[in-house]
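Q:
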Amino acid sequence: MTMRWRILLWMLPVALGPLFIMAAQGYHCARQAIIASQKVHMQSVLEARRIEIESWFAQIESDFGFLQISPCLQGLCGSTPASADSSCCAETCNLLSDLHVGTPFYHSISTFDVNWNQLVSSAGTGNRVGSIRPDDSGVVKRPDPAGGAFPSKLLKERLAAQDGLLTTPPIQREDGTVMVQAGSRVLNPRHGGLAYIAAEIDIDNRMNTILKHGTGLGRTGEAFLFLPGGVFPMIDGFDAENNKYRFHSYPKQITDGGGEVVRYRSASGKKVLGVSALIPRLNGTLVIEIDEQEAFAWLRVFRNRALMTGLITLVLILVIANYGARVLAQPLREFAAVAHRIAAGQSEERIGRLAGAEAQEVAEAFNHMIDELSASHRRLLQAASLAAVGELSSSIVHEMRNPLSSIKMNLQALRHNVEEDPFHRELADIASEQALRLERMLSELLNYGKPLELNKTRLRFIEIANNVKDILRSESEEKEIRVIIKDLTGGTAFCADPEQLRRALTNLTANAIQASPPGESVILSAEYPVHSPGTIRLSVADNGPGFRTADIHRLFQPFYTTRDEGTGLGLANVKKIVEGHSGFVFAENRRKGGALFSLSLPRGAEE
Numbered sequence: 001m002t003m004r005w006r007i008l009l010w011m012l013p014v015a016l017g018p019l020f021i022m023a024a025q026g027y028h029c030a031r032q033a034i035i036a037s038q039k040v041h042m043q044s045v046l047e048a049r050r051i052e053i054e055s056w057f058a059q060i061e062s063d064f065g066f067l068q069i070s071p072c073l074q075g076l077c078g079s080t081p082a083s084a085d086s087s088c089c090a091e092t093c094n095l096l097s098d099l100h101v102g103t104p105f106y107h108s109i110s111t112f113d114v115n116w117n118q119l120v121s122s123a124g125t126g127n128r129v130g131s132i133r134p135d136d137s138g139v140v141k142r143p144d145p146a147g148g149a150f151p152s153k154l155l156k157e158r159l160a161a162q163d164g165l166l167t168t169p170p171i172q173r174e175d176g177t178v179m180v181q182a183g184s185r186v187l188n189p190r191h192g193g194l195a196y197i198a199a200e201i202d203i204d205n206r207m208n209t210i211l212k213h214g215t216g217l218g219r220t221g222e223a224f225l226f227l228p229g230g231v232f233p234m235i236d237g238f239d240a241e242n243n244k245y246r247f248h249s250y251p252k253q254i255t256d257g258g259g260e261v262v263r264y265r266s267a268s269g270k271k272v273l274g275v276s277a278l279i280p281r282l283n284g285t286l287v288i289e290i291d292e293q294e295a296f297a298w299l300r301v302f303r304n305r306a307l308m309t310g311l312i313t314l315v316l317i318l319v320i321a322n323y324g325a326r327v328l329a330q331p332l333r334e335f336a337a338v339a340h341r342i343a344a345g346q347s348e349e350r351i352g353r354l355a356g357a358e359a360q361e362v363a364e365a366f367n368h369m370i371d372e373l374s375a376s377h378r379r380l381l382q383a384a385s386l387a388a389v390g391e392l393s394s395s396i397v398h399e400m401r402n403p404l405s406s407i408k409m410n411l412q413a414l415r416h417n418v419e420e421d422p423f424h425r426e427l428a429d430i431a432s433e434q435a436l437r438l439e440r441m442l443s444e445l446l447n448y449g450k451p452l453e454l455n456k457t458r459l460r461f462i463e464i465a466n467n468v469k470d471i472l473r474s475e476s477e478e479k480e481i482r483v484i485i486k487d488l489t490g491g492t493a494f495c496a497d498p499e500q501l502r503r504a505l506t507n508l509t510a511n512a513i514q515a516s517p518p519g520e521s522v523i524l525s526a527e528y529p530v531h532s533p534g535t536i537r538l539s540v541a542d543n544g545p546g547f548r549t550a551d552i553h554r555l556f557q558p559f560y561t562t563r564d565e566g567t568g569l570g571l572a573n574v575k576k577i578v579e580g581h582s583g584f585v586f587a588e589n590r591r592k593g594g595a596l597f598s599l600s601l602p603r604g605a606e607e
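First residue of the sequence shown? That's 1 in the UniProt record's numbering, and the numbers climb one at a time after it.
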């Protein structure tokens with residue numbers, strides 16, 4: 001699996017997980033808030049409808065109260081149809097007619113004696129209002145063709161038992177209208193006579209007006225008035241049997257009129273929120289329903305926005321993961337490319353500057369590792385070369401020393417014989433010097449070819465510098481060169497092989513004395529570099545001509561020399577000694593003229 005896919009798989013749960021959790025929590029909280037809001041709203045709508053119905057019945061009760069205290073109607077109390085006063089009847093008839101005409105929901109209003117014989121009635125449709133008396137059989141002749149017992153037996157029984165405005169359950173007439181019979185007693189306070197007022201009230205139009213106006217119901221809201229048995233809902237389009245089944249299929253919280261908002265499936269199959277309240281006057285239940293889709297419309301918007309946010313987040317994650325994978329993989333690709341080039345033989349290849357501190361740290365470690373491997377490889381090659389040179393030089397030195405010794409002895413004898421001849425004496429001296437030079441070269445070649453064995457110990461720079469100064473005292477005094485020692489180490493000790501280090505410093509100091517003009521100075525110094533803790537730097541500086549820039553990188557190569565009398569092995573031996581101490585040596589030209597050789601060695605511990 002590529003890094004891109006791994007990063008994507010890591011980021012998906014990290015980024016989308018909390019987002020999904022927050023979305024679920026937000027959705028739940030929003031749902032609860034909407035339910036609470038709809039509960040308050042629907043309860044307020046329900047209460048408004050209930051108050052309208054109660055106000056309507058309060059108006060009816062007020063009308064009946066007005067009739068009860070009417071003097072003309074009280075004058076009919078205790079009368080019979082035969083004994084009723086005509087003027088009272090006429091006045092009562094006008095009163096009932098005015099009430100009937102002014103209040104259209106009254107279908108008919110009548111007064112009855114104590115035996116329920118009709119005294120006066122206001123009945124009819126349109127403007128047909130008049131006094132109706134029973135015929136000889138005692139049966140009330142009704143102008144209303146709908147028929148039906150009026151007043152009903154239930155109303156008579158209730159009025160005989162108690163005072164106040166009393167109503168019967170709604171009755172559906174043959175013409176489809178729904179009527180409620182209402183009645184009350186009328187008592188004459190002077191002689192205690194009794195009469196009854198009864199009315200048929202058309203509740204269809206009034207209830208439909210109350211229930212069907214859309215205030216607060218939204219697009220899908222509905223209001224129902226379920227009457228006893230669910231027979232007469234105040235809404236068009238439902239027959240009795242279906243309505244009965246419809247109401248009985250509702251949850252108990254709705255049929256009981258508890259006032260709590262309930263989620264359920266309506267008889268039409270829709271999921272709705274409903275709330276109900278009892279209407280005691282009609283012995284019915286008022287129900288308010290709102291389609292759940294409309295109630296939770298904002299929740300769908302919230303859900304869609306959450307899904308859109310999740311989709312946008314997913315796209316951002318894909319973009320970021322792709323970009324992040326490329327950024328993170330770029331250093332790895334750079335590592336791989338450099339490693340392939342190094343494996344192909346380009347050993348000088350190194351990783352350049354990379355973005356990011358971590359990647360740069362790894363790159364530096366990689367470059368350091370390659371440097372160490374290259375150095376180890378060079379040391380192995382050098383060791384192999386030295387072994388070959390050592391084997392060859394040992395053989396050569398062994399074969400050449402005996403003839404060279406014989407040549408030196410013969411040259412000394414010849415010089416003795418030509419002591420009186422200046423010309424031949426000079427030739428003998430030159431030959432002797434060249435023999436000595438050849439002997440030194442053989443010694444240096446033998447030393448260069450020998451494996452380096454270090455015997456490290458704790459030593460101080462001032463001690464070894466003074467020793468070097470003493471060794472080269474004759475050469476320095478001969479050229480009037482001052483050897484100056486600068487010890488900036490504070491006299492602290494470091495770890496090195498004193499004999500090998502003395503050889504290296506002696507070689508460098510001797511070269512500096514030879515390169516410096518008479519009367520100048522050579523400086524031996526030591527310090528602990530601030531930028532490289534854990535190391536000590538030893539330096540030899542002169543005031544000679546310095547080096548050509550093109551020669552500096554070749555100075556430490558074996559057999560390379562810039563002096564005619566040089567062997568080309570002195571600086572090579574210095575480099576061998578320094579690298580044997582796990583250090584490095586370099587040369588440079590001083591700003592004010594002259595050469596500067598620096599040896600950087602680890603301070604180390606005693607081994």
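Note that beta-carbon positions come from the ideal geometry of N, C-alpha and C, so glycine has one too.
Could you tell me the boundaries of the beta strand (DSSP E) in which N188 lies?
A: The sequence position of residue 188 within the sequence shown is 188, counting from 1. Here N188 belongs to no beta strand (DSSP E), and DSSP marks it neither H nor E.
Q: Output yes if chain D places a C-beta closer than 7 Å to the C-beta of E420; else output no.
A: Checking the listed chains, one finds no chain D in this structure; it contains a single protein chain.
Q: If you follow the beta strand (DSSP E) that L538 is part of, which residue opens it and which one closes it?
A: As a working mapping, residue 538 is identified with position 538 in the sequence shown. Segment T535 to A541, the beta strand (DSSP E) holding L538.
Q: Out of V301, A336, E334 and A195, point me to the one whose CA is closest to N115's CA.
A: On the sequence shown, residue 115 is found 115 positions in, with the first residue counted as 1. Nearest of V301, A336, E334 and A195 to N115, Cα basis: A195.
Q: Let me know the secondary structure DSSP gives N410 once reduced to three states.
A: In the sequence shown, counting from the first residue as 1, residue 410 sits at position 410. DSSP places N410 in helix when its eight states are reduced to three.
Q: Considering just the uninterrupted stretch of the beta strand (DSSP E) at R482, what are its terminal residues?
A: For this step, residue 482 is matched to residue 482 along the sequence shown. Start and end: R482 to D487.
Q: Indicate whether L225 and G284 have their beta-carbon atoms separated by less than 7 Å.
A: Position 225 of the sequence shown, counting from 1, holds the residue named residue 225. Position 284 of the sequence shown, counting from 1, holds the residue named residue 284. Their beta carbons are under 7 Å apart, which means L225 touches G284 by this criterion.
Q: Would you please state the rounded distance, in angstroms, between the beta carbons of A510 and E475? I believe it to be under 8 Å.
A: As a working mapping, residue 510 is identified with position 510 in the sequence shown. As a working mapping, residue 475 is identified with position 475 in the sequence shown. With a Cβ gap of about 7 Å, A510 and E475 count as contacting.
Q: If you reduce the DSSP assignment to three classes, tell me which class V530 lands in.
A: As a position in the sequence shown, residue 530 is number 530, starting the count at 1. Coil.
Q: If the criterion is Cβ atoms closer than 7 Å, does the pair A295 and Q38 meet it?
A: On the sequence shown, position 295 is the one that residue 295 refers to. On the sequence shown, position 38 is the one that residue 38 refers to. Yes, Cβ-Cβ distance for A295 and Q38 is below 7 Å.
Q: Would you mind giving the Cβ-Cβ distance between L505 and L538, rounded to the nearest angstrom? I have them listed as a contact below 8 Å.
A: Position 505 of the sequence shown, counting from 1, holds the residue named residue 505. Position 538 of the sequence shown, counting from 1, holds the residue named residue 538. Sure, about 7 Å apart at Cβ, within 8 Å.
Q: Once you ignore the five residues that flank R502 on each side, which residues in its own chain have a CB closer than 7 Å to its CB?
A: Within the sequence shown, the letter at position 502 stands for residue 502. The residues are I464, N467 and V468.
Q: Where does F20 sit, in a helix, a strand or coil, going by DSSP?
A: As a position in the sequence shown, residue 20 is number 20, starting the count at 1. F20: helix per DSSP, three-state reduction.
Q: State the Cα-Cα distance for the pair D135 and A58, rounded to the nearest angstrom.
A: What you label residue 135 is simply residue 135 of the sequence shown in a count that begins at 1. What you label residue 58 is simply residue 58 of the sequence shown in a count that begins at 1. Residue confidence for D135 is low, a pLDDT of 38 falling below 50, so the modelled location carries little weight; the figure read from the coordinates is stated next. Using only the alpha carbons, I get a separation of about 35 Å.
Q: Taking the C-alpha atoms as reference points, what is the distance between V129 and S108?
A: Counting from one through the sequence shown, the residue named residue 129 turns up at place 129. Counting from one through the sequence shown, the residue named residue 108 turns up at place 108. For V129, the predicted model reports a pLDDT of 33, less than 50, meaning its position is unreliable and no value from the coordinates is stated.
Q: Pull up the CB-CB distance for T313 and A15, whole angstroms please, since I reckon it's below 8 Å.
A: Walking along the sequence shown from the start, residue 313 turns up at place 313. Walking along the sequence shown from the start, residue 15 turns up at place 15. So it is a contact: roughly 6 Å between Cβ atoms.
Q: Is A146 helix, strand or coil when you go by DSSP?
A: If you number the sequence shown from 1, residue 146 lands on position 146. Here the model assigns A146 a pLDDT of 37, short of 50, so the residue's position is not dependable, and the following value carries that caveat. Here A146 sits in coil by DSSP.
Q: Just grab the DSSP bridge partners of A182 for me.
A: Reading the sequence shown from its first residue, position 182 is the one you call residue 182. The partner list for A182 (beta bridge, DSSP) reads T167 and A199.
Q: Under the three-state reduction of DSSP, which class applies to T111: helix, strand or coil?
A: Within the sequence shown, the letter at position 111 stands for residue 111. If DSSP states are grouped into helix, strand and coil, T111 belongs with the strands.
Q: Please determine, among M179, L488, F112 and P517, the residue with the shortest C-alpha to C-alpha distance to N205.
A: Within the sequence shown, the letter at position 205 stands for residue 205. Considering only alpha carbons, the answer is M179.
Q: Let's see if you can read the secondary structure: which residues bound the beta strand (DSSP E) around T285?
A: For this step, residue 285 is matched to residue 285 along the sequence shown. Counting along the chain, the beta strand (DSSP E) containing T285 begins and ends at G284 to D291.
Q: So does the stretch 271-278 actually touch the stretch 42-51, counting three or more Cβ pairs closer than 8 Å?
A: Yes, since at least three Cβ pairs between the stretch 271-278 and the stretch 42-51 fall closer than 8 Å, the two stretches touch.
Q: Between which residues of its own chain and L96 is the CB-CB distance below 6 Å, once the five residues before and five after are set aside?
A: If you number the sequence shown from 1, residue 96 lands on position 96. I109 and S122, listed in sequence order.
Q: With distances taken Cα to Cα, identify the nearest neighbour of R437 among E419, N410, L404 and V530.
A: One-based indexing of the sequence shown puts residue 437 at position 437. Checking every option, the nearest Cα to that of R437 belongs to L404.
Q: Specify the secondary structure class of R353 as computed by DSSP and reduced to three states.
A: Here the question's residue 353 lines up with position 353 in the sequence shown. Three-state DSSP puts R353 in coil, outside helix and strand.
Q: Excluding the five sequence neighbours on either side, which residues of its own chain have a C-beta within less than 7 Å of the C-beta of D202, listed in chain order?
A: Position 202 of the sequence shown holds residue 202. Same-chain partners within the cutoff: F105, H107, T177 and M179.
Q: Which whole-angstrom value describes the C-beta separation of I227 and L166, a residue pair presumed to lie in contact below a C-beta threshold of 8 Å?
A: By one-based count along the sequence shown, residue 227 stands at place 227. By one-based count along the sequence shown, residue 166 stands at place 166. The identity of residue 227 in the sequence shown is Leu, whereas the question assumes Ile. With a Cβ gap of about 17 Å, L227 and L166 do not count as contacting.
Q: Alpha carbon to alpha carbon, how far is P518 from I430?
A: By 1-based counting over the sequence shown, the position of residue 518 is 518. By 1-based counting over the sequence shown, the position of residue 430 is 430. Computed Cα separation, rounded: 24 Å.
Q: Using a threshold of 7 Å, state whether the C-beta atoms of N507 and V574 are closer than that.
A: On the sequence shown, residue 507 is found 507 positions in, with the first residue counted as 1. On the sequence shown, residue 574 is found 574 positions in, with the first residue counted as 1. Their beta carbons are under 7 Å apart, which means N507 touches V574 by this criterion.
Q: Does DSSP put N455 in a helix, a strand or coil?
A: Within the sequence shown, residue 455 is the residue found at index 455, counting from 1. In this structure, N455 counts as coil in the three-state DSSP scheme.
Q: With DSSP run on the structure shown, which of helix, strand or coil describes L472?
A: The residue given as residue 472 occupies position 472 in the sequence shown. Here L472 sits in coil by DSSP.
Q: Provide the residue(s) that pair with E222 in DSSP beta bridges, ordered along the chain.
A: Your numbering for residue 222 matches position 222 in the sequence shown. Beta-bridge pairing links E222 to E289.
Q: How about P602 and T549: do their beta carbons lie closer than 7 Å?
A: Taking the sequence shown and counting its residues from 1, one reaches residue 602 at position 602. Taking the sequence shown and counting its residues from 1, one reaches residue 549 at position 549. The answer is no: Cβ separation not under 7 Å.
Q: Do three or more CB pairs link the stretch 538-547 to the stretch 514-530 at distances below 8 Å?
A: Enough Cβ pairs lie closer than 8 Å, so yes.
Q: Compute the Euclidean distance between the alpha carbons of L571 and T561, then round it to the nearest angstrom.
A: The residue labelled residue 571 in the question sits at position 571 within the sequence shown. The residue labelled residue 561 in the question sits at position 561 within the sequence shown. The alpha-carbon atoms of L571 and T561 are separated by roughly 9 Å.
Q: Is E588 helix, strand or coil when you go by DSSP?
A: Numbered from its first residue, the sequence shown carries residue 588 at position 588. Looking at E588 - three-state DSSP - the assignment turns out to be strand.
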